[in-house]
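Asker:
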Amino acid sequence: MDFVAVQFLTGLASACALFLVACGLSIIFGVTRIVNFAHGSFFMVGAYGAYSLSGALMPLLGGLGFWLALPLAALGVGLLGALVEVAVLRRLYRSHELFQLLATFGLVLVIKDAALITWGPQDLLGPRAPGAAGAVTVLGEQIPEYDLVLIALGPLVLAGLWLLFHRTRWGVLVRAATQDREMVGALGVDQKKLFTGVVFLGSALAGLGGAVQIPREAANLNMDLNIIAEVFAVTVVGGMGSIAGPFLAALLVAQLNAFGILILPEISIVLLFLVMAVVLVLRPQGLLGRKELAGSATHGAPESPLRPEGWTLGLIGLAVLLALAALPLVAGGYQLSVASEILIFALFAASLQFIMGVGGMISFGHAAYLGLGAYAVALSVTHWHAPMTGALALAPVAGALGALVFGWFCVRLSGVYLAMLTLAFAQIAWAVAFQWVGLTGGDNGLLGIWPAAWASAPAAFYWLTLGLVAAAVLLLRRIVFAPFGYGLRASRDSTLRAEAVGIHTRRQRWYGFTLAGAFAGLAGGLYAFAKGSVFPEVLSIPMSLDALVMVLLGGVQTLAGPLVGAAVFDGLQTWLMSETDYWRAIVGAGVVALCVAFPRGLVGNLRALQESRRDTPAVSEEGASG
Amino acid sequence: MLSVRALEVLYGRAQVLFGVGFDVPGGQVTALMGRNGAGKSTTLKALMGLVPPASGEIRLDGRRVDGWPPYRIARAGLGYVAEDRRIFPDMTVAENLEVGRRAPADGRAPWTVAEVERLFPNLADLRDRRAGQTSGGEQQMLAVARTLMGNPRLLLLDEPSEGLAPVIVQQMAAAVRALKAGGVTVLLSEQNLRFAGSVADRAVVLEKGAVRFDGAMAALADDPALRHTYLAL
Numbered sequence: 001m002d003f004v005a006v007q008f009l010t011g012l013a014s015a016c017a018l019f020l021v022a023c024g025l026s027i028i029f030g031v032t033r034i035v036n037f038a039h040g041s042f043f044m045v046g047a048y049g050a051y052s053l054s055g056a057l058m059p060l061l062g063g064l065g066f067w068l069a070l071p072l073a074a075l076g077v078g079l080l081g082a083l084v085e086v087a088v089l090r091r092l093y094r095s096h097e098l099f100q101l102l103a104t105f106g107l108v109l110v111i112k113d114a115a116l117i118t119w120g121p122q123d124l125l126g127p128r129a130p131g132a133a134g135a136v137t138v139l140g141e142q143i144p145e146y147d148l149v150l151i152a153l154g155p156l157v158l159a160g161l162w163l164l165f166h167r168t169r170w171g172v173l174v175r176a177a178t179q180d181r182e183m184v185g186a187l188g189v190d191q192k193k194l195f196t197g198v199v200f201l202g203s204a205l206a207g208l209g210g211a212v213q214i215p216r217e218a219a220n221l222n223m224d225l226n227i228i229a230e231v232f233a234v235t236v237v238g239g240m241g242s243i244a245g246p247f248l249a250a251l252l253v254a255q256l257n258a259f260g261i262l263i264l265p266e267i268s269i270v271l272l273f274l275v276m277a278v279v280l281v282l283r284p285q286g287l288l289g290r291k292e293l294a295g296s297a298t299h300g301a302p303e304s305p306l307r308p309e310g311w312t313l314g315l316i317g318l319a320v321l322l323a324l325a326a327l328p329l330v331a332g333g334y335q336l337s338v339a340s341e342i343l344i345f346a347l348f349a350a351s352l353q354f355i356m357g358v359g360g361m362i363s364f365g366h367a368a369y370l371g372l373g374a375y376a377v378a379l380s381v382t383h384w385h386a387p388m389t390g391a392l393a394l395a396p397v398a399g400a401l402g403a404l405v406f407g408w409f410c411v412r413l414s415g416v417y418l419a420m421l422t423l424a425f426a427q428i429a430w431a432v433a434f435q436w437v438g439l440t441g442g443d444n445g446l447l448g449i450w451p452a453a454w455a456s457a458p459a460a461f462y463w464l465t466l467g468l469v470a471a472a473v474l475l476l477r478r479i480v481f482a483p484f485g486y487g488l489r490a491s492r493d494s495t496l497r498a499e500a501v502g503i504h505t506r507r508q509r510w511y512g513f514t515l516a517g518a519f520a521g522l523a524g525g526l527y528a529f530a531k532g533s534v535f536p537e538v539l540s541i542p543m544s545l546d547a548l549v550m551v552l553l554g555g556v557q558t559l560a561g562p563l564v565g566a567a568v569f570d571g572l573q574t575w576l577m578s579e580t581d582y583w584r585a586i587v588g589a590g591v592v593a594l595c596v597a598f599p600r601g602l603v604g605n606l607r608a609l610q611e612s613r614r615d616t617p618a619v620s621e622e623g624a625s626g
Numbered sequence: 001m002l003s004v005r006a007l008e009v010l011y012g013r014a015q016v017l018f019g020v021g022f023d024v025p026g027g028q029v030t031a032l033m034g035r036n037g038a039g040k041s042t043t044l045k046a047l048m049g050l051v052p053p054a055s056g057e058i059r060l061d062g063r064r065v066d067g068w069p070p071y072r073i074a075r076a077g078l079g080y081v082a083e084d085r086r087i088f089p090d091m092t093v094a095e096n097l098e099v100g101r102r103a104p105a106d107g108r109a110p111w112t113v114a115e116v117e118r119l120f121p122n123l124a125d126l127r128d129r130r131a132g133q134t135s136g137g138e139q140q141m142l143a144v145a146r147t148l149m150g151n152p153r154l155l156l157l158d159e160p161s162e163g164l165a166p167v168i169v170q171q172m173a174a175a176v177r178a179l180k181a182g183g184v185t186v187l188l189s190e191q192n193l194r195f196a197g198s199v200a201d202r203a204v205v206l207e208k209g210a211v212r213f214d215g216a217m218a219a220l221a222d223d224p225a226l227r228h229t230y231l232a233l
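Protein chains in written order, with full-length UniProt numbering: chain D, 1 to 626; chain Y, 1 to 233.
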């Protein structure tokens, strides 16, 4: 019994940081409607900042230096957030939510490399908290004093925020802006200042969350993505835009972790998944969230309809395919393996474009299905010695099964909620692969997955890849212009009208999601054989990001886009990695710049240019005659 | 006080206003009349900076304000009450008023909560009620009161009588007359000729995004042919 009480208190202490970060995210989202993926990075910078500040202040001020370092670090992170708002977020308030999400994702990469340059790659454990370094005995068990400090901090911050939002004019303005920001502007409030202030506050909370962790957890470069998946789960469960919601959810999730570790130490994160699933089925808007108005999540002009290509484009496609098939005649082994990889990513990106562009579902965890395909191949080869064709046939099945299960939850949501949930699922899949060492080899991966003898020559494997990828991509396009594809696009454009003509939109989206999972799984199977090994990285968030960038580069609403995007991105990344250690920051900065400058992607912007050219003659004729 | 010249507004590729021009003289009540879709609401939104004008000029006391963000236009002295009221439903009535509060640009005595409650006595009992839980008429009064708390010199009212019970419409009319007596200039959009006729000095009639009549309210009220052509009455 005493042991249970101790575990309960440990859970409460862990909830503190989770609550601080989640409620900062929720506040920023409430006003700006942007889900800030870089919020985990602010948490990480808060931890590093507190480490450095306490290191600098404690020799001067003793114990007081530590307690000063924490709020100072939070303040610094708040200023960093305000800077990010002014430099990046402010330019995205009117953009499509995909570009808002992607741009903040780009910031994650930039901040990670900046932290690597500033603090180096090693873990940095902070000092023990002066005055709270001991332990107290509760019910006969030892509890760190610092845990008690954290247990008290959460409710204190919650109370402080409540007072701020209900008892100050600034807080009342922020709440008003959460409900109708345009009207607040029409009443004479300068929204720019208000938004900067809100992002400052939310970021400072994330920074404080990171700062208070340093005596418990060493500051490290993986803190950003590790916490963001949990924080997304907490905010989705608690309700976006609410403050008390994340508090409740953080308590719930932290308790689950504390007790789950006793029952299922290896995959305690699965419990989190179960809670999320139950809450989302019962209350899609979260425990204390408000229902989103239908269609309020997307901005921007409606998409112009996709048209099947004419004969000329078909012929060009055929010519490109023939040229690709002839590549082994001129290219060597290394070039062919790079080319195979690009083809695999083209299929991966095409499957993502299918659910995003055609299905209207933004997935930030598409790597989950690539990874499931790859692990299906790797496990069947290493554990059952499956032949190549059999293993490869399993890959799309595994991807589809994963997408069937995860998709069942995901299609109940839309917009940013869906994006957050897909990311959380992918992170869960990653955690299982990473933690279940007995099956997956954990971080060491699964090695020795080589193609069968007939496909082992680079040219043979390249032709196999080209054949499968070309067939899969053609099949995908066939689906887009089949009745199923029309139904999916109708569900994307107007749920209400699609339902009115008899489309079961949720099921349509679910099947679409599953199909995309199957194609991603096939790409994953090929990827495993191309690399000869599978590591948890194949399921990781950066892999999902890569696919998004490829789709974005090519243009979300163009079918050829992902193929072009994959070639450009994979080629660029291969080159950048050979040139510099800080390629992540360059990719991240590029993503941010792309989102701000080309909101329709490369091919998409070209097509917009074409369309406006097509329109202008009509206008100038009118001008000439009038 | 306010002058509009050659105002054009486009939603995407659809043009809504085609060279709208009229004046709003200070101290008077001007009614912007027209059928559904004539461009009344769009005109008011453009004046407030809520939709960007494609071309044309909007001058407040001779100063160009088109292209300004809404908050600057509000600070320059325009107050806007939306057709759908757009109160903050999850906040109390008192908090809604607080959001609108802003000191007057010139040295006039500012509106206080007590004064807007004298203008709309129903609001006095509702201070701590959540605004989303009040009736349509109360929400309309709250929307006007909230904008008055910003001490506008020119009040834009978009369809103030729409969907309200007759007794509330009478209260709104009395409030508009009281505002005029207090020196506030009003530009309201209206389809209801009886309401407009009871409060307005001047009328501007819009049809398909262009001005078809601009003159005294009495002249419009006395001309059945004009009313029939543009207002279908």
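Beta carbons are placed, not taken as given, at the ideal position from N, Cα and C, and that holds for glycine.
Give a yes or no on whether the C-beta atoms belonging to LEU123 (chain Y) and LEU154 (chain Y) are separated by under 8 angstroms.
Answerer: no
Asker: So does the stretch 70-78 of chain D actually touch the stretch 505-513 of chain D, counting three or more Cβ pairs closer than 8 angstroms?
Answerer: no
Asker: What three-state label does DSSP hand GLN142 (chain D) in the structure shown?
Answerer: DSSP places GLN142 (chain D) in strand when its eight states are reduced to three.
Asker: Starting from GLY215 (chain Y), follow its DSSP beta bridges and name the residues at the other end.
Answerer: Y:ALA203
Asker: Can you give me, in chain order, the residues of the stretch 90-115 of chain Y that have a beta carbon less than 9 angstroms from any beta carbon in chain D?
Answerer: ASP90, MET91, GLU95, ASN96, GLU98, VAL99, GLY100, ARG101 and ARG102
Asker: What span of residues does the alpha helix (DSSP H) with GLU83 (chain Y) cover, start to end?
Answerer: No alpha helix (DSSP H) holds GLU83 (chain Y); DSSP gives it neither H nor E.
Asker: Three-state secondary structure (DSSP) at GLU57 (chain Y)?
Answerer: Looking at GLU57 (chain Y) - three-state DSSP - the assignment turns out to be strand.
Asker: I'd like to know if ALA244 (chain D) contacts chain Y, where contact means its C-beta is closer than 8 angstroms to some C-beta of that chain.
Answerer: no
Asker: Check each residue of the stretch 168-191 of chain D: if its Cβ is closer than 7 angstroms to any Cβ of chain Y, include it; give the result in chain order.
Answerer: Answer set for the stretch 168-191 of chain D: ARG169, VAL172, LEU173, ARG175, ALA176, GLN179, ASP180, GLU182, MET183, VAL184, GLY185, ALA186, LEU187, GLY188, VAL189, ASP190 and GLN191.
Asker: Less than 8 angstroms between the C-beta atoms of residue 303 (chain Y) and VAL9 (chain Y), yes or no?
Answerer: Only positions 1 to 233 of chain Y appear in this structure, which leaves residue 303 (chain Y) out of reach.
Asker: Note down, one range per segment and in chain order, each alpha helix (DSSP H) of at least 4 residues found wholly within the stretch 502-575 of chain D.
Answerer: 505-531 and 541-554
Asker: On the CB-based measure, 16 or more other CB atoms within 10 Å of its CB, does GLN15 (chain Y) come out buried or exposed?
Answerer: Exposed: under 16 other Cβ atoms inside 10 Å.
Asker: Which residue comes first and which comes last in the beta strand (DSSP E) that contains GLU8 (chain Y)?
Answerer: 2-11
Asker: Closer than 7 angstroms, Cβ to Cβ, to anything on chain D: give me those residues from the stretch 167-188 of chain Y, in chain order.
Answerer: Taking 7 angstroms as the cut-off between beta carbons, none of the residues of the stretch 167-188 of chain Y comes near chain D.
Asker: Got a sec, what are the start and stop residues for the beta strand (DSSP E) GLU190 (chain Y) sits in?
Answerer: Taken as a continuous stretch (DSSP letters only), the beta strand (DSSP E) holding GLU190 (chain Y) covers 185-190.
Asker: Indicate the three-state DSSP secondary structure (helix, strand or coil) for PHE22 (chain Y) in the structure shown.
Answerer: strand
Asker: In whole angstroms, what is the alpha-carbon distance linking SER491 (chain D) and ARG177 (chain Y)?
Answerer: 50 angstroms
Asker: Note down the Cα distance separating ASP2 (chain D) from GLY140 (chain D), rounded to an integer number of angstroms.
Answerer: Between ASP2 (chain D) and GLY140 (chain D), the C-alpha separation is close to 7 angstroms.
Asker: Would you say THR43 (chain Y) reaches chain D, if we count a Cβ-Cβ gap shorter than 8 angstroms as a contact?
Answerer: no
Asker: Just to confirm the assignment, what range does the alpha helix (DSSP H) spanning ASP493 (chain D) have?
Answerer: 483-493
Asker: Mind the definition here: the stretch 161-176 of chain D touches the stretch 91-101 of chain Y only if three or more C-beta pairs lie below 8 angstroms; say whether that holds.
Answerer: yes
Asker: Measure the C-alpha to C-alpha separation of GLY390 (chain D) and ALA530 (chain D) and round it to an integer number of angstroms.
Answerer: Straight across, the Cα-Cα distance linking GLY390 (chain D) with ALA530 (chain D) is about 16 angstroms.
Asker: With distance defined between alpha-carbon atoms, name the residue in D:LEU252, D:LEU329 and D:ALA471 nearest to GLY317 (chain D).
Answerer: D:ALA471
Asker: Would you kindly report the start and end of the unbroken alpha helix (DSSP H) that includes LEU57 (chain D)?
Answerer: 39-61
Asker: Going by CA-CA distance only, name the one from D:LEU92, D:LEU125, D:ALA186 and D:ALA566 that's closest to GLY49 (chain Y).
Answerer: D:ALA186
Asker: What are the start and end residues of the alpha helix (DSSP H) that includes VAL592 (chain D)?
Answerer: 583-597
Asker: Can you tell me whether ALA301 (chain D) is buried or exposed? The criterion is at least 16 other CB atoms within 10 Å of its CB, across all chains shown.
Answerer: Low confidence applies here, because ALA301 (chain D) scores a pLDDT of 44, under 50, leaving its location unreliable and the question unanswered by this model.
Asker: Mapping DSSP to helix, strand and coil, what is THR235 (chain D)?
Answerer: helix
Asker: On a Cα-Cα basis, can you pick out the residue from Y:LEU148, Y:SER135, Y:TYR80 and Y:HIS228 that is closest to ALA109 (chain Y)?
Answerer: Y:LEU148
Asker: Entirely within the stretch 155-223 of chain D and at least 3 residues each: give me those beta strand (DSSP E) ranges in chain order.
Answerer: Taken in chain order, the complete beta strand (DSSP E) segments of 3 or more residues contained in the stretch 155-223 of chain D number zero; there are none.
Asker: Step through the CB atoms of chain C and report whether any lies within less than 8 angstroms of the CB of PHE18 (chain Y).
Answerer: In the structure shown, chain C does not exist; the protein chains are D and Y.
Asker: Looking at the structure shown, is ALA31 (chain Y) part of a helix, part of a strand, or coil, going by DSSP?
Answerer: strand
Asker: For the stretch 96-114 of chain D and the stretch 16-36 of chain D, state whether three or more C-beta atom pairs, one from each stretch, are separated by less than 8 angstroms.
Answerer: yes
Asker: By the criterion of Cβ-Cβ separation under 9 angstroms, what are the contact partners of ALA145 (chain Y) in chain D?
Answerer: Those within 9 angstroms of ALA145 (chain Y) in chain D number zero; the least Cβ separation is about 12 angstroms.
Asker: Against ARG75 (chain Y), what residues of chain D qualify as contacts under a CB-to-CB distance less than 8 angstroms, listed in chain order?
Answerer: In chain order: GLY188.
Asker: Counting only Cβ pairs nearer than 7 angstroms, list the residues of chain D close to MET48 (chain Y).
Answerer: Within chain D, the residues placing a beta-carbon under 7 angstroms from that of MET48 (chain Y) are ALA186, ordered along the chain.
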